[in-house]
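Here the sequence shown stands for residues 0 to 176, where the numbers follow numbering that gives the first Met the number 0. Every residue gets a Cβ at the ideal spot worked out from N, C-alpha and C, and that includes glycine. Predicted model only: the values in this text are computed from it and were never measured. Read through the structure below, which is laid out as structure tokens, and then see the notes.
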Amino acid sequence: MDESPSLELGGERVSSTRIRQLIEAGRLADAAALLGRRYAVIGEVVPGDRRGREMGYPTANLAFDEPVVLPPDGIYATRVSWGGEDPLRPGRTADGVASLGVRPTFANDGVRLLEVHLFDFDEDLYGQRLRVEFVRRQRGEQRFRSVDALVRQMDRDATRARRILAPSRAATKSNAC
């Protein structure tokens, strides 16, 4: 049996273990450099408690068929795709903001959830398989004293995510023929 040389990029050995470590440490740009693309997960939209909708931020709550590698808990600017025959060739895409964590303002059960709010979108996605690209972490998860304080922060998070995602959305549109 021949042993193939290990692949290196920028002096760093490329391996699945190293990529997992980078993702779990929140070093998404470094993981993307080794992957050749942004890190993404694919999950099915399942019913949640509808609390986000009541606060003006409906979310797609994702369930995974098997364990997935996730970055640290927090708020992320995301690009979401779904509806194609192949998750890598989606029928539709949308920008959004995701919350990954245990929802400390509302829950005390330690259950980790990925909830994604899609910008300018209000359709039923239950049962759809979404591919969620983690573009950039905006902040860590935090507990709020009131729902009003949480909603004010969600407004700021959404505004910031739109700013983060705008340059890449504009580049995508300009490259379309």
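Give the DSSP-derived three-state secondary structure of residue 17 in the structure shown. helix
What does DSSP give as the partner residue(s) for residue 85 in the beta ladder? 88
Is DSSP giving residue 163 helix, strand or coil here? helix
Could you tell me which whole beta strand (DSSP E) segments of length 3 or greater appear in the region 86-165? 91-100, 112-117 and 128-138
Whole angstroms are fine: how far does the CA of residue 158 sit from the CA of residue 51? 17 Å
Just the Cα atoms here: how many angstroms apart are residue 174 and residue 145? Any reading at residue 174 must be qualified, since the residue scores a pLDDT of 45, below 50, and its modelled position is unreliable; the value itself is stated next. Using only the alpha carbons, I get a separation of about 44 Å.
Contact set for residue 63: own chain, Cβ-Cβ below 6 Å, skip 5 residues either direction: 42
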